[in-house]
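When the letters of the sequence shown are read in order and numbered with numbering that gives the first Met the number 0, they come out as residues 0 to 563.
Data first, discussion second: the structure below is written as structure tokens.
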Amino acid sequence: MSGDPSAGAGAPGSAAARRRLTAPWPAGDVQHRLLLLSCLPALLLGLSRSSDVFFSSEPRTVCANRSRGVDSPSRPNTLSPSENASGLAECQCSHWDFSLDTGMVRNIVTQWNLICKSSWKVHIARFSLLVGLIIGYLVTGCLADWVGRLLVLVISVFFVLVFGLMVALSVNVTMFSTLRFFEGFSLAGVFLALYVTRIEISQPNQRFMITMVATLIAMGGQLLTPGLAVLCRNWPILQAIIICPYIFMTPYWCIFPESLKWLVATHQLQAAKDLLLDFTHKHRLELEDDVKEFLSELDNEPKVKPQKTFILKLISTRILWKHILVLCVTSLAGFGIHNCFAKSLMEHQENVLSNFYTHYYVMELICIISCLVMCLLVSLIGRRGTLLLFTILTALAALLQLGLVNNLATYLQHPFSLVFSCLGLFSSHSMGNLSIFLCAELAPTVIRGGSLGLVLASAGFGQLTAPIMELHNQKGYFLHHIIFACCTVICIICILFLPESKGQNLPETMEDGDNYPRQPLISVRRAEQPLLPNTELKRYSGLMPHPNPGQSEAAPTANGTSPT
Numbered sequence: 000m001s002g003d004p005s006a007g008a009g010a011p012g013s014a015a016a017r018r019r020l021t022a023p024w025p026a027g028d029v030q031h032r033l034l035l036l037s038c039l040p041a042l043l044l045g046l047s048r049s050s051d052v053f054f055s056s057e058p059r060t061v062c063a064n065r066s067r068g069v070d071s072p073s074r075p076n077t078l079s080p081s082e083n084a085s086g087l088a089e090c091q092c093s094h095w096d097f098s099l100d101t102g103m104v105r106n107i108v109t110q111w112n113l114i115c116k117s118s119w120k121v122h123i124a125r126f127s128l129l130v131g132l133i134i135g136y137l138v139t140g141c142l143a144d145w146v147g148r149l150l151v152l153v154i155s156v157f158f159v160l161v162f163g164l165m166v167a168l169s170v171n172v173t174m175f176s177t178l179r180f181f182e183g184f185s186l187a188g189v190f191l192a193l194y195v196t197r198i199e200i201s202q203p204n205q206r207f208m209i210t211m212v213a214t215l216i217a218m219g220g221q222l223l224t225p226g227l228a229v230l231c232r233n234w235p236i237l238q239a240i241i242i243c244p245y246i247f248m249t250p251y252w253c254i255f256p257e258s259l260k261w262l263v264a265t266h267q268l269q270a271a272k273d274l275l276l277d278f279t280h281k282h283r284l285e286l287e288d289d290v291k292e293f294l295s296e297l298d299n300e301p302k303v304k305p306q307k308t309f310i311l312k313l314i315s316t317r318i319l320w321k322h323i324l325v326l327c328v329t330s331l332a333g334f335g336i337h338n339c340f341a342k343s344l345m346e347h348q349e350n351v352l353s354n355f356y357t358h359y360y361v362m363e364l365i366c367i368i369s370c371l372v373m374c375l376l377v378s379l380i381g382r383r384g385t386l387l388l389f390t391i392l393t394a395l396a397a398l399l400q401l402g403l404v405n406n407l408a409t410y411l412q413h414p415f416s417l418v419f420s421c422l423g424l425f426s427s428h429s430m431g432n433l434s435i436f437l438c439a440e441l442a443p444t445v446i447r448g449g450s451l452g453l454v455l456a457s458a459g460f461g462q463l464t465a466p467i468m469e470l471h472n473q474k475g476y477f478l479h480h481i482i483f484a485c486c487t488v489i490c491i492i493c494i495l496f497l498p499e500s501k502g503q504n505l506p507e508t509m510e511d512g513d514n515y516p517r518q519p520l521i522s523v524r525r526a527e528q529p530l531l532p533n534t535e536l537k538r539y540s541g542l543m544p545h546p547n548p549g550q551s552e553a554a555p556t557a558n559g560t561s562p563t
């Protein structure tokens with residue numbers, strides 16, 4: 000076992016500071032198994048998140064027999080709530096023939112005839128999962144800081160199984176939307192608890208790569224969803240197939256330990272000692288010197304009441320709240336403008352991209368390439384530099400698409416719009432995901448769950464703009480794109496004030512987060528010297544008083560000191 004030192008703001012000689020610096024955590028095979036178990040559920044989360052596309056996709060419809068009893072030629076269905084009365088009159092039909100592009104035979108639209116006057120219910124069904132995720136991030140994040148990461152994970156898995164299976168038994172769209180909300184709430188708890196756990200059990204040089212592995216596994220689940228949809232053919236079966244594997248996560252209560260960092264940061268010292276002894280005994284690990292020293296420090300500490308921190312205390316901080324606010328805006332802009340680029344790609348799609356599967360896999364392929372490039376850039380220029388680079392690319396793609404494409408010749412508009420849309424999808428995906436990861440590293444352990452919940456909820460609000468625009472029949476889309484483009488430009492300036500967390504230890508307390516070191520974006524070479532010596536600089540700036548007229552300035556001696 001080896002120690003994962005954590006930055007502290009206490010006095011160097013205090014027991015609290017020594018404890019934070021020497022708190023050990025399992026390394027080697029045991030740690031690798033825990034990290035693998037924390038990454039595997041990302042496959043199920045990817046399946047759950049991508050299922051909305053198949054549950055609520057709009058079918059192509061044909062009226063087989065109108066209410067007048069006369070056969071009529073095929074007509075497309077889709078009418079939005081904003082259509083006029085003459086348009087609604089065309090929907091008077093007693094029997095519809097549906098055809099889905101997703102490879103399924105039945106989804107919620109075809110099962111409950113959510114067309115014409117009832118088409119608005121489809122958008123509500125799409126809202127339900129996202130709204131559940133947003134509220135779930137806020138609530139479970141606070142609970143993770145209050146009752147622990149492990150308890151939130153286990154309870155969330157239980158409710159995912161309950162509500163997820165009940166969704167498959169829905170008898171109407173109202174029941175479906177309500178249960179889907181609670182399913183999203185529970186999925187948010189699973190995602191957040193696993194995300195925080197991976198961050199806190201990883202070594203500083205492992206945190207980003209482990210997070211990216213989990214992200215790529217989730218994208219693998221999204222790539223598998225179309226195949227499952229074709230095999231299942233029916234949405235209740237697909238929902239059951241996605242939810243049932245969560246039952247394999249129930250033994251995590253016995254496998255996963257509670258976060259040692261969280262126990263120590265909240266002064267639950269006896270629980271931390273019991274956890275460490277039980278973990279070493281269960282895995283038959285020998286107590287190394289750092290573990291014995293850590294246990295002896297815990298024995299010498301006086302017994303105090305656990306000190307848990309609520310997320311509202313973030314308001315009283317000096318700098319930390321600014322970091323979290325910047326990351327909230329960055330994640331909101333990143334995921335919000337991602338939908339704008341996706342909409343632009345769909346507007347100009349022709350031939351190959353008009354196919355559902357081609358468009359779906361092209362979107363996923365862009366996101367996968369974005370993650371791989373992000374891994375390379377983070378290793379070269381760090382988290383903050385990579386986030387700044389992707390934000391600049393996102394802003395450029397948005398502004399060029401808004402201002403340049405419309406002024407080009409007709410035959411140039413399509414290729415340039417396609418290039419800018421792909422570039423925007425590529426950069427905005429990394430912009431949003433890197434904002435979430437940077438928040439998990441900058442937030443102190445005592446409020447890491449709540450802070451991460453705020454940033455994830457902001458990202459959810461950005462994703463929620465897509466179904467909102469669809470509900471309003473894409474009215475105001477251009478203004479929507481302009482607003483997010485302006486937010487992205489503002490984020491470029493704000494990111495410069497964020498600290499770099501690459502190679503840094505996780506902050507433990509609020510003071511640690513408020514005093515997080517912030518290095519310059521471009522490090523100054525040690526060989527570079529100022530043009531004037533320090534004494535000359537002080538005298539020139541007025542910080543050093545000039546000698547009195549009757550006093551002569553003391554000349555320095557050969558060894559650099561002034562004569563007495």
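Even for Gly, the Cβ is constructed at its ideal location relative to N, Cα and C.
Bounding residues of the alpha helix (DSSP H) (the contiguous stretch that carries A143): First-last of the alpha helix (DSSP H) with A143: 119-146.
Inter-residue Cα distance where the pair is Y153 and I336: Inspection of the sequence shows that residue 153 is occupied by Val rather than by Tyr. Each residue's alpha carbon lies about 34 Å from the other.
Can you list, in chain order, the residues of its chain whose CB lies under 6 Å from that of S258, leaving out five sequence neighbours each side? Taking C-beta separations shorter than 6 Å and ignoring five residues to either side along the sequence, the partners of S258 in its chain run R148, E199, following chain order.
Alpha-carbon spacing of P75 relative to E469, whole angstroms: With a pLDDT of 42 at P75, under the threshold of 50, the modelled position of that residue is not reliable, and the figure given next carries that caveat. Pairing P75 with E469, the inter-Cα distance amounts to about 18 Å.
CB-CB under 8 Å to S46, same chain, minus the five flanking residues each way: which ones, in chain order? Checking the sequence, you will find Leu at residue 46 rather than Ser. Exclusion of the five residues before and after L46 leaves G220, Q221, L223, T224, L227, I241 as the residues of its chain whose Cβ lies within less than 8 Å of its Cβ.
Ends of the alpha helix (DSSP H) at Y356? Here the alpha helix (DSSP H) through Y356 covers 355-402.
Using only CA atoms, which one of L132, T139, W320 lies nearest to D511? Considering only alpha carbons, the answer is W320.
Which whole-angstrom value is the C-beta distance of V189 and L44, which I expect to be below 8 Å? Contact holds; Cβ gap of about 7 Å.
Decide if T306 is buried, meaning its Cβ has at least 16 other Cβ atoms within 10 Å, or exposed. Rather than Thr, the amino acid found at residue 306 in this sequence is Gln. That one is exposed.
Short check: CB of F184 to CB of G140, under 8 Å? F184 is not a Cβ neighbour of G140, given a cutoff of 8 Å.
What first and last residue would you give for the alpha helix (DSSP H) that runs through E499? Run containing E499: none; DSSP gives neither H nor E here.
Pair within 8 Å by beta-carbon distance, S37 and L230: Taking a C-beta distance under 8 Å as the contact criterion, S37 and L230 do not qualify as a contact pair.
Contacts around A217, its chain only, beta-carbon distance under 6 Å, and the 5 residues preceding and following it disregarded: Taken in chain order, the residues that qualify are A41, L44, G45.
Sub-8 Å separation of G459 and L142 beta-carbons: At a Cβ-Cβ threshold of 8 Å, G459 and L142 do not count as neighbours.
Contacting residues, own chain, Cβ-Cβ under 6 Å from K501 (five flanking each side not counted): Counting only Cβ-Cβ distances below 6 Å, and skipping sequence neighbours, we find G381, R382.
Go ahead and label A10 buried or exposed: buried means 16 or more other beta carbons lie within 10 angstroms of its beta carbon, across all protein chains shown. Only weak support is given to the placement of A10: the predicted model assigns it a pLDDT of 39, under 50, and the value that follows is read from those uncertain coordinates. The residue in question, A10, is exposed, as its Cβ has fewer than 16 Cβ neighbours within 10 Å.
Any idea if L424 is buried or exposed, counting beta-carbon neighbours within 10 angstroms, 16 or more meaning buried? Answer is buried; the Cβ neighbour count reaches 16.
Less than 8 Å between the beta carbons of T444 and A264, yes or no? Yes.
Do the stretch 412-420 and the stretch 353-368 make contact, defined as three or more Cβ pairs closer than 8 Å? The stretch 412-420 is not in contact with the stretch 353-368.
Endpoints, the alpha helix (DSSP H) within which F184 is located: For F184, the enclosing alpha helix (DSSP H) begins and ends at 172-200.
Can you tell me whether DSSP reads W95 as helix, strand or coil? If DSSP states are grouped into helix, strand and coil, W95 belongs with the strands.
Quick one: what's got a C-beta closer than 8 Å to L331's C-beta in the same chain, skipping five residues either side? S457, A458, F460, G461, C486, listed in sequence order.
Is the Cβ-Cβ distance between P498 and L453 less than 8 Å? Judged by beta-carbon spacing, L453 lies beyond the 8 Å limit of P498, meaning their Cβ atoms are not closer than that value.
Please report how far the alpha carbon of M211 lies from the alpha carbon of L437, in whole angstroms. Distance between the alpha carbons of M211 and L437 is about 13 Å.
Let me know the secondary structure DSSP gives R59 once reduced to three states. Three-state DSSP puts R59 in a strand.
How should F309 be labelled, buried or exposed, when 16 other C-beta atoms within 10 angstroms of its C-beta is the threshold for buried? Result: exposed.
Restricting to Cα atoms, I'd like to know which of I123, T196, C243 is closest to V156. Distances from the CA of V156 to each of I123, T196, C243 were compared; the closest alpha carbon is that of C243.
Under the criterion of a Cβ to heavy atom distance below 7 Å, does L33 qualify as lining the ligand ADP? The model depicted lacks the ligand ADP and carries no ligand whatsoever.
Residue from L35, R32, L113 whose Cα sits closest to the Cα of R59: Nearest in C-alpha terms to R59, of all of L35, R32, L113, is L113.
Would you call S315 buried or exposed, if buried means 16 or more other Cβ atoms sit within 10 Å of its Cβ? Exposed: under 16 other Cβ atoms inside 10 Å.
Would you identify the three-state DSSP class for R232, choosing helix, strand or coil? R232 falls in the coil class under three-state DSSP.
So what's R105 in DSSP terms, helix, strand or just coil? In the structure shown, R105 sits in a strand (DSSP, three-state: E or B).
Given a cut-off of 8 Å on the beta-carbon distance, is the pair S369 and S429 in contact? For S369 and S429, yes; Cβs fall inside 8 Å.
I think M165 touches L150, with their Cβ atoms under 8 Å apart; what is that distance to the nearest whole Å? At roughly 23 Å, the Cβ-Cβ gap does not stay under 8 Å, so M165 and L150 are not in contact.
Cβ separation of S176 and I236, assumed to be a contact under 8 Å, to the nearest whole Å: Not a contact, Cβ separation roughly 20 Å.
Proximity of L433 and M373 at Cβ, strictly below 8 Å: By the CB criterion at 8 Å, L433 and M373 fall inside the cutoff.
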